[in-house]
Structure formats: C-alpha cells, structure tokens
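Position 13 of the sequence shown, counted from 1, bears residue number 14 in the numbering used here, the numbering being contiguous throughout.
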Amino acid sequence: MRVDVTVVDEISEALVARVVRARARLARAAGSADLPGIAAALDELEDAYSSARRSGVVIPRPDLPKEEAQS
2 MRVDVTVVDE ISEALVARVV RARARLARAA GSADLPGIAA ALDELEDAYS SARRSGVVIP
62 RPDLPKEEAQ S
C-alpha cells in the first residue's frame, strides 16, 4: 500500500493547527474569566490532543513566556 506523504503532512498540519487554535481559545477565555468558555475551550483542547495522539502526530510544546523560560 502506498501512502501519500502530502496528505499525511496536511493532516498533521491540520491537527497541530487545531491544537494551536484551542490553546489560543483557552488563553482568551482564561484571560476574561469566562468559566463556560474555559470549560468549552478545555474540552476542545482535550479533543484536539486526543485526535493528534490517535493519528500519531506529536504536538510541539507551546513557546514559554520569557519570564518562565529564564527561570
């Protein structure tokens, strides 16, 4: 069976992008203390990570803020 690497790369990129969007949504919700928004964002982030794991896609860690990276 031949695997189309382009399709695999596109799927991987889409899964990574989904996690990045979910992280951003969670950050926005947390910043505004929107509890229902935080719950929904956490659910989406968990689902996005789960989809990536099932597909064998490794999600890169988010960049650390400068103050955390220096400690």
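From the three backbone atoms N, C-alpha and C, an ideal C-beta is built for every residue, glycine too.
The shortest C-alpha to C-alpha distance from R55 to any of S13, V6, D5, T7 is the one to S13. Counting other Cβ atoms within 10 Å of its Cβ, A53 reaches 16 or more and is therefore classed as buried. In the three-state scheme derived from DSSP, where H, G and I count as helix and E and B as strand, I60 is classed as coil. Close CB contacts of L46 within its chain, under the 6 angstroms cut and outside five residues either way in sequence, are with A23, L27 (chain order). In this model, P63 and V17 are separated by some 11 angstroms (Cα to Cα).
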